[in-house]
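Asker:
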Amino acid sequence: LKPEFTKKLTNIKVKEKEKAVLICELSKENTKVTWKKNGKEIKSDNHLKIVADMKVHQLIIENVTLEDIGEYSCVAGDVSTSATLSVE
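Numbering (the working numbering), first residue to last: 1 to 88.
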């Protein structure tokens with residue numbers, strides 16, 4: 001059974017220096033996902049935190065800057081969900 005997104009990413013708008021959280025949920029636990037920003041793979045670092053807990057996958061961006069604006073997607077196999085982050 002292939003995983004599918006039971007809860008998709010939704011567009012969010014935050015103020016500069018705030019924290020942005022993108023959340024999605026899959027039908028299967030412990031599915032490996034890839035996060036992308038504008039089509040390019042992103043990894044956890046001091047600024048971005050990728051969290052996976054059972055079926056729930058989160059991308060947490062601390063201290064948002066204008067450079068974080070863009071389209072983020074979470075890819076699991078051949079299914080994906082995407083949303084836009086905008087900064088006020």
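Cβ atoms here follow ideal geometry from the backbone N, Cα and C, with glycine treated the same way. Since we're looking at a predicted model, the values are computed, not measured.
Please check the pair N38 and E71, which I expect to be a contact at CB under 8 Å, by giving their CB distance rounded to whole angstroms.
Answerer: Residue 38 sits at position 38 when you count from the first residue of the sequence shown. Residue 71 sits at position 71 when you count from the first residue of the sequence shown. The pair is a contact, with the Cβ atoms about 6 Å apart (cut-off 8 Å).
Asker: Looking at C-beta atoms only, is the number of pairs between the stretch 60 to 67 and the stretch 10 to 27 that lie closer than 8 Å three or more?
Answerer: Touching, yes, given that three or more Cβ pairs across the two stretches are closer than 8 Å.
Asker: I'd like to check one pair, I60 with K49: are the Cβ atoms closer than 7 Å?
Answerer: Along the sequence shown, one-based indexing puts residue 49 at 49. Along the sequence shown, one-based indexing puts residue 60 at 60. Cβ atoms of K49 and I60: closer than 7 Å.
Asker: Closer than 6 Å: is that where the CB of K43 sits relative to any heavy atom of the ligand FMN?
Answerer: By its list of ligands, the structure shown contains no ligand whatsoever, and the ligand FMN lies outside what it can speak to.
Asker: Can you tell me whether DSSP reads L66 as helix, strand or coil?
Answerer: Start at 1 with the first residue of the sequence shown, and residue 66 comes out as number 66. Reduced to three states, the DSSP call for L66 is helix.
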